[in-house]
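Asker: Below is the structure I would like to discuss, written out as structure tokens.
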Amino acid sequence: MNLGVLGFEGVRHAKNLHPMFVHFPLALVPTSFCFYAIGIATGRRDFAFAGRSVLFLSFVSTLLAFFTGFRAEATLGIFEARGSLLVSHLACGSILMALTVLLFSWSTTHVDEAPRGRWSFLTLLGLAAALSMVTGDLGAQMVFLRGASVSRPLPGAHPGPIR
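Just so you know, we're using the numbering used here here: the sequence shown kicks off at 254 and counts up by one.
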């Protein structure tokens, strides 16, 4: 490992902080769904408790991703700022944030560690997990296919493959 590349150089040159937060809800919402699905299907209270704990982290990280995303909109660079990808990404992200707020609030009304109306809750959480993946894909399309918020390489940067 080349220790010379450590030191948060990428963060110093980042146009916004949104990329540092978006990956958490993308991973945590589906993880919460998996824990809850196992807990509800098997009656295992420990899995349902883990699902609620991860859902709390999902709730917090979704709020961070949502608010840093609004700030990131000003840094999109060459990307068409009001394109259909951005509008769809914002809509999906807004719905995902509302769902995580609703689901976390719902998860606090529980019986034996499982939320009331557990199958309806699990269905809605599954939809939120799918929506997190769609939202992430829309964001990835903006960055990797359209160059949103991506700057040119710094002077002296090696144009070859990263090793």
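We put the CB at the ideal spot given by N, CA and C, even for glycine.
If you run the structure through DSSP and keep just helix, strand and coil, what is residue 416?
Answerer: Unreliable positioning characterises residue 416 in this predicted model, as indicated by a pLDDT of 48, which lies under 50. A coordinate reading is not provided.
Asker: Taking all protein chains shown into account, decide if residue 416 is buried (16 or more other Cβ within 10 angstroms of its Cβ) or exposed.
Answerer: Since pLDDT at residue 416 reaches only 48, below the 50 mark, its modelled position is unreliable, and no value is offered.
Asker: Quick one: measure Cβ to Cβ for residue 310 and residue 281, integer angstroms, because I've assumed they're closer than 8 Å.
Answerer: 5 Å
Asker: Helix, strand or coil, according to DSSP, for residue 275 in the structure here?
Answerer: coil
Asker: Mind the definition here: the segment 382-396 touches the segment 340-354 only if three or more C-beta pairs lie below 8 Å; say whether that holds.
Answerer: Using a Cβ-Cβ distance cut-off of 8 Å, the segment 382-396 and the segment 340-354 are in contact, since at least three pairs of beta carbons, one from each stretch, lie closer than that value.
Asker: Could you spell out the range, first to last residue, of the alpha helix (DSSP H) harbouring residue 386?
Answerer: 371-393
Asker: Look at the alpha carbon of residue 255 and the alpha carbon of residue 261, and state the distance between them as a whole number of angstroms.
Answerer: 14 Å
Asker: If you follow the alpha helix (DSSP H) that residue 325 is in, where does it begin and where does it stop?
Answerer: 298-325
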